[in-house]
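Quick note, the sequences are listed as chains A and B, same order.
The first sequence begins at 256 in the numbering used here and counts up by one.
The second sequence begins at 256 in the numbering used here and counts up by one.
2 protein chains.
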Amino acid sequence: MSLEAELAAIVGTANVITEAEALRPAVSDWRGRYSGRARCLVRPAATAEVARVVAACARHGAAMVPQGGNTGVCGGAIPDAGGREVIVSLARMNRIRGLDAANNTIAVEAGCILAEVNRAAEAAGRLFPMDLGSEGSCQIGGTISTNAGGTRVLRWGNMRELVLGLEVVLADGRVLDAMRGLRKDNAGYDLKQMFIGAEGTLGIVTGAVLKLVPRPAASATAFVALESCEAALGLIDHLRGALGDRLSAFELISAPQLEAVLAQIPGTRRPLATTAPWWVLLEAADSGAQQVLDDALEQGLMQALDAGLARDASVARSGREAQEFWRLRHSVSEANVKTGRVISHDTSVPVSRVPEFIARCSGLAGRFDGLRLHVVGHLGDGNVHMVAIFPPGQPGLDALAREVSREVHEIAAGLGGSIAAEHGVGQSLRDQLAICRSPVELDLMRGLKRLLDPQGLMNPGKVVPAG
Amino acid sequence: MSLEAELAAIVGTANVITEAEALRPAVSDWRGRYSGRARCLVRPAATAEVARVVAACARHGAAMVPQGGNTGVCGGAIPDAGGREVIVSLARMNRIRGLDAANNTIAVEAGCILAEVNRAAEAAGRLFPMDLGSEGSCQIGGTISTNAGGTRVLRWGNMRELVLGLEVVLADGRVLDAMRGLRKDNAGYDLKQMFIGAEGTLGIVTGAVLKLVPRPAASATAFVALESCEAALGLIDHLRGALGDRLSAFELISAPQLEAVLAQIPGTRRPLATTAPWWVLLEAADSGAQQVLDDALEQGLMQALDAGLARDASVARSGREAQEFWRLRHSVSEANVKTGRVISHDTSVPVSRVPEFIARCSGLAGRFDGLRLHVVGHLGDGNVHMVAIFPPGQPGLDALAREVSREVHEIAAGLGGSIAAEHGVGQSLRDQLAICRSPVELDLMRGLKRLLDPQGLMNPGKVVPAG
């Protein structure tokens, strides 16, 4: 029996897609950077179906590409050009299996949309603290497989810190059922850790038990003008002392980046009358009364102004104003695309090295004709996105892009940093991992890949560099 | 050349211990539950020395037992009875390599004592939030290798959540250097996760980069009397809503457990005049003024009393009174040992299942002659230590102990729990892992062990059940 016939017997004919037109949305990414061809796309609706699909593909020696919301930016969910890979879509596995309010956990299937998990948590008076721009379309399985980050890592951690239990279909079709909602559990090796951030190269995540937290009753947002990015380090240190864990977001934005947003995005307006070379958008959240939090933030910012850590600051006086502030931040990608050819980077360095990282990257502007640099990032995580932009139509752009990226990555690695902070590795960074990973580390990665995927059928060509 | 001569060439003759008397403290645990014999004990002073020691042992086919402060309770650092194993002590690797205040990290060697790390953090205005009774003697390498828990996991997580970077000597003597201080880093598989909680069975942890947090300026402690353990669930839910992340400890204590402490430990006194079947010791911590925190806690507790969630409560009015409250909690083990033959358990269940777990375990008291049950645990983590105590001298105690443990473990597993929450597996729980781990999980553990320790020389006989 052909593989397609076997798959149809498992999931039904309607859930095995083979026509080129129907496959089109699944074989390229939303930015149009990566595209490939697929043998077919299969849509299982339950863990047992995924297990049978994987076992069938393994018997036929067919490589599999797991795909969630296809919101990634590194090509991790896109098949290669050969047209022999099977896309395994998790979209139909979108049940919330249960919410345990007293345990502060929610059990979900991999295909659940992040926003739906957020809504279920909210209905139970809880917060699922993962905050991503793609929340309306990204799926939980993808956020786990990329160990997603976002703007609230400062307070609640990456996806890895939010996963208590995991269910994974292994490369041979067996199911690893570790769907436990335990906050302390050391009964042997913590196997789920291997699959978090592995981008489907070691198995297919089908379900998870996620941590919830008490829903903050109050939140406050401020836009702050700064003299320098060094001042931002002083400001975050001061505010973490003053506000403790209340500080939930601290986003650094360079003046050229903010100006690009104001110029390109209709309806945006300047958050403060001041001009400044650097800006910070910050958020605090807490239990208790709104006024108490507002007062604490106002007081913390007044002290910062007095201490010369900030030039000016504006606390949002309404939810609407807070949304306007956040819109400036969330419009960054759109504004940059309108500005020119964008080469974005997802580097991290120790927080203390951020000013040096930015200074050294800024040196590149003088060396590449037409290059503009926009800086936006999560300062509390040391995760600074250095966005390089060339004028559209400039000749030799692909080669220039590679050269600039190489330089930015080497600067980050030289400061003890990473070239893949929160977006994953996928296809795009796989062959550059050696910039920030040692031969011993790469060798261990390959060993882990061989152990869990001896046939090399799980999302091949992603994450792990060839040996 | 003999192995001993090779080791002496690496670390110096004085640091290869072979005399039985000098080995004695290292071949048994502090509770006297486990003892073995060792071929020798070697004390390397640097990572490169550990690497050469491991390589030499591997060439000679000699098994190694890494040992930190030897404060464990599961026999994980104790050699077997054969007298052929080499104990690798990390005690001389006790340097703090650096503290980066702006990055909120500290880089330490595995042999650093926890209390010294705490002191270094404090000197920099930071907190290293791991709180263990053994802080004066346990070493960081041991806390990482057991993924230690403690009383503040509720707020800051287990050791796994506090480790950003790791340095490990692998079974073949190569060094995995992942000493990075990054809060976001997804450049390939997160290899360090495999070694955290592995109890030295996959390699020897030699260094780590640990997370620090802003040092709370205020803390408040309270003792609360409760009608039932169900009420404790209501109380923690209410206080997490009212206090948010300020709630940093929430320890459940049964009346018989508290009475045993009051009876056995000189100088202790009743925290409240009330009697009650259940007690909670809780702590809140925050930035900002002490009075503000005190008021918030008082108000939260008053609401709880009004809502019938608590019978009575006392907030410590001084640091000394807070210490007296905590002394009641920290004296539990000592009091229990004085009460009889102690069989302690380290189970966890979902927080919502704690009352059912306790109720089902309580049923054991009627089935075993002379059995007393004391309950003490970290309710917010679902980590309840069910302490079974038989009168000293009761005949057949070893068999009884095994039978009671088996029952407690099966009750926990039946509620989706774990038999090894925060103390590790070591020798004591290795052969019981199948109670709470599936054949697929055990098979993956064995695969990981074979991958990283193909000769089976790293702490053999610990953690991973024989296949």
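Note that beta-carbon positions come from the ideal geometry of N, C-alpha and C, so glycine has one too.
- The CB of glutamate 677 of chain B comes closer than 8 Å to the CB of Lys439, Asn441 in chain A, given here in chain order.
- Separation of the CB atoms of isoleucine 333 of chain B and leucine 296 of chain B is rounded to 12 Å, and the pair is thereby denied contact status at 8 Å.
- Taking C-alpha positions only, glutamine 322 of chain A is separated from isoleucine 459 of chain A by approximately 9 Å.
- The DSSP-derived three-state label of aspartate 624 of chain B is coil.
- Arginine 438 of chain A counts as buried, since at least 16 other C-beta atoms from the protein chains shown sit within 10 angstroms of its C-beta.
- Under the criterion of beta carbons closer than 8 Å, proline 471 of chain B and alanine 370 of chain B do not qualify as touching, at roughly 18 Å.
- Straight-line measurement puts the Cα of lysine 466 of chain B at about 37 Å from the Cα of glycine 316 of chain B.
- Per DSSP, reduced to three states, the secondary structure at threonine 594 of chain B is helical.
- Methionine 256 of chain B has a beta carbon lying at 9 Å or more from every beta carbon in chain A.
- DSSP places glutamine 710 of chain B in the coil class of the three-state scheme, outside both helix and strand.
- Counted as a single uninterrupted DSSP element, the beta strand (DSSP E) harbouring alanine 475 of chain B occupies residues 473 to 481.
- When DSSP assignments are scanned along the segment 304 to 371 of chain B, the uninterrupted stretches of beta strand (DSSP E) that are 3 or more residues long and fall wholly within it turn out to be 319 to 322, 341 to 344, 351 to 355, 360 to 364.
- Using a CB distance below 8 Å, the part of the segment 386 to 408 of chain A facing chain B consists of Thr401, Asn402, Gly404, Val408, ordered along the chain.
- Shown here, cysteine 691 of chain A sits in coil according to DSSP, grouped into three states, outside any helix or strand.
- The Cβ atoms of valine 372 of chain B and valine 343 of chain B do not sit closer than 9 Å to each other.
- Here arginine 314 of chain A is exposed. Its C-beta has fewer than 16 other C-beta atoms within 10 Å.
- Closest in alpha carbon position to glutamate 506 of chain A, among A/Glu538, A/Leu498, A/Ala260, is A/Glu538.
- The beta-carbon of cysteine 367 of chain A is placed no less than 9 Å from the nearest beta-carbon of chain B.
- For tryptophan 411 of chain B, the secondary structure class from DSSP, reduced to helix, strand or coil, is helix.
- With respect to alanine 362 of chain B, glutamate 696 of chain A sits apart: the two C-beta atoms are not nearer than 9 Å.
- Neighbours of valine 642 of chain B in chain A, taken as residues whose beta carbon is under 7 Å from its own, are absent, since the nearest beta carbon is some 17 Å off.
- DSSP, read as helix, strand or coil, puts glycine 489 of chain B in helix.
- Proline 694 of chain A counts as exposed, since fewer than 16 other beta carbons sit within 10 angstroms of its beta carbon.
- Interface annotation, cysteine 691 of chain B: in contact with chain A, CB-CB separation under 9 Å.
- Linking leucine 560 of chain B to alanine 721 of chain B through their CA atoms gives a straight-line distance of about 52 Å.
- Considering only B/Phe612, B/Arg435, B/Pro647, the residue with the shortest C-alpha distance to valine 630 of chain B is B/Phe612.
- Counted as a single uninterrupted DSSP element, the alpha helix (DSSP H) harbouring lysine 447 of chain B occupies residues 447 to 450.
- Contact of histidine 633 of chain A with chain B is assigned, a C-beta pair being separated by under 9 Å.
- When secondary structure is reduced to three states using DSSP, cysteine 295 of chain A falls in the strand class.
- Taking 7 Å as the cut-off between beta carbons, the residues of the segment 662 to 674 of chain B near chain A are Gly671, Gly672, Ser673, Ile674, in sequence order.
- Residue-level contact by beta carbon fails for glutamine 546 of chain B and chain A, as no gap is shorter than 9 Å.
- Of the other Cβ atoms in all chains shown, 16 or more fall within 10 Å of the Cβ of serine 660 of chain A; this residue is therefore buried.
- With fewer than three CB-CB distances shorter than 8 Å, the segment 671 to 678 of chain A does not count as touching the segment 615 to 629 of chain A.
- For leucine 619 of chain B, DSSP assigns no beta-bridge partner whatsoever.
- Per the coordinates, the alpha-carbon of valine 535 of chain A lies some 23 Å from the alpha-carbon of serine 673 of chain A.
- For glycine 462 of chain B, there is no enclosing alpha helix (DSSP H); the residue is found in the beta strand (DSSP E) stretching over 458 to 466.
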